[in-house]
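Read the structure below first, then the notes.
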């Protein structure tokens, strides 16, 4: 898409009698950046664009510009620069009515690089689109679905770092009686999501206090990531209107179960799922096996993308089914990659490593990049694991903390080749800010660290 205004969006807004449009774009943290615009503004001079400063491309979780690292060369969005405008390029396919605001709608888009007039290649939607195009060049259409976990609280934090009481105070995994007691809240939330065009296929209480899991339908890859991004935005907006607390932090409580973001992925050709093997029903095809091998081969390369905060690594606890172990298994949740083949159409790989704090577009872009590497290189996976993968001492685990994941990511030729040098340097710089701030806080006690991370990520993850 280019920086030219799209008149179809103006016609859509006029048809629905909208007065306000919310323009949203995911940043490298997955946060929704943008602005509100009077719909009549779209009817004006088509040569005049709607803009955001280039600083919006690279902000940290506190909305401060990510500083240029010492010795870094090339362009960098920073206060010391021009802080120039960048045109917002809307994707009309994402336009929808906002159910909680009168005569309002929203649309997702990207900021345009003035050199090309197209979206910056290192930003989340463009990165995912590039991997989808890579798959298409190999003859595949990508289908994906994401499932997201989050925790609901009785109120938002009254002070930074506070952990408000969860909506239900104990583990109530798949407890439909507890779900019924909170039906008014949960059904109102689900109805809000449906009204904004986020289709929830299943929803249930998960293992943690106040924890909910929502599963989205399988769609083309970009639409799937857009929907997960909108789910996070809409859930936060719903909580604000109802004076509830909600967080997508990977591990808000010091212990217990964290919030994940699982990716379900399949590759299609000529209307058929290439992960299904007609000669061996219920078994992975050669295509699926190679994609699985790619995911495992690059698990460490992309852990930083899937676990982008200092807090994310506290979710990686043995026995919590969090994609901690570099292994795969058939319907085995203890592995990083779970292979499922209930029917030919539903045959897929599930990547369980990402946390709910990660950017959905980047989560899916990295997963797809790894899977496609497996196909292009003809990789073969190791034997599947049966039983608890965490109990196998010889199996490798993902990097244990953000510094280890950052070191692997910055030296990864696979990440640089698939996602680009600009993305690697910008994304790594943002993660280094998080680690630097944590170290500067000089925290020793685990409880103090948990409070610091909640102050940093409770609302922003």
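In our numbering, the protein residues as written are 130 to 590. For glycine and all other residues, C-beta sits at the position ideal for the given N, C-alpha and C. Everything numeric in this text was worked out from a predicted model, so none of it was measured.
Between the alpha carbons of residue 501 and residue 154 lies a distance of about 26 Å.
Judged by beta-carbon spacing, residue 252 lies beyond the 8 Å limit of residue 586, meaning their Cβ atoms are not closer than that value.
Considering only 276, 224, 428, the residue with the shortest C-alpha distance to residue 324 is 224. In the assembly as shown, residue 399 is an exposed residue. Its beta-carbon has fewer than 16 other beta-carbons within 10 Å. Burial of residue 589 is indicated by the presence of at least 16 other C-beta atoms within 10 angstroms of its C-beta.
With distances taken between CA atoms, residue 362 lies nearest to 162 out of 268, 162, 293, 471. Per DSSP, the beta bridge partners of residue 374 are 282. For residue 401, the beta-bridge partners assigned by DSSP are 398.
Cβ contact annotation for residue 255 (same chain, cutoff 7 Å, sequence separation greater than five): 239, 248, 249, in chain order. Judged by DSSP in its simplified three-state form, residue 233 adopts strand.
Here residue 374 is near residue 285, since their CB atoms are less than 8 Å apart.
At the C-beta level, residue 442 and residue 529 come within 8 Å of one another.
For residue 342, the enclosing beta strand (DSSP E) covers residues 340 to 345.
Under DSSP, residue 502 takes part in no beta bridge, so it has no partner. In the structure shown, residue 189 adopts coil according to DSSP, grouped into three states. Per DSSP, the continuous beta strand (DSSP E) segment holding residue 458 begins and ends at 457 to 459. Around the beta carbon of residue 523, a 10 Å sphere encloses fewer than 16 other beta carbons of the protein chains shown; the residue is thus reported as exposed. Residue 204 and residue 405 have their C-alpha atoms some 45 Å from each other. Considering only 464, 460, 481, the residue with the shortest C-alpha distance to residue 471 is 460. The Cβ-Cβ distance between residue 486 and residue 439 does not fall below 8 Å. Judged by pairs of C-beta atoms under 8 Å, the stretch 501 to 517 touches the stretch 402 to 419, as three or more such pairs exist. Non-local C-beta neighbours of residue 212 in its own chain, meaning closer than 7 Å and more than five positions away in sequence, comprise 182, 183, 184, ordered along the chain. If you draw a straight line from the Cα of residue 281 to the Cα of residue 340, it is about 6 Å long. Secondary structure of residue 490 (DSSP, three-state): helix. Straight across, the Cα-Cα distance linking residue 357 with residue 258 is about 16 Å. Within the stretch 505 to 570, the complete alpha helix (DSSP H) segments at least 4 residues long are 531 to 539, 542 to 548, 550 to 569, listed from N- to C-terminus. Relative to residue 329, the option among 452, 397, 343, 554 whose CA is nearest is 343.
Residue 392 has its alpha-carbon roughly 7 Å from the corresponding atom of residue 493. In this structure, DSSP gives residue 143 a helical state, which the three-state scheme calls helix. Taking C-beta atoms as the reference points, residue 289 and residue 584 count as a pair closer than 8 Å. When C-alpha distances from residue 446 are compared across 484, 426, 411, the shortest belongs to 484. Pairing residue 218 with residue 350 gives a Cβ-Cβ distance that is not under 8 Å.
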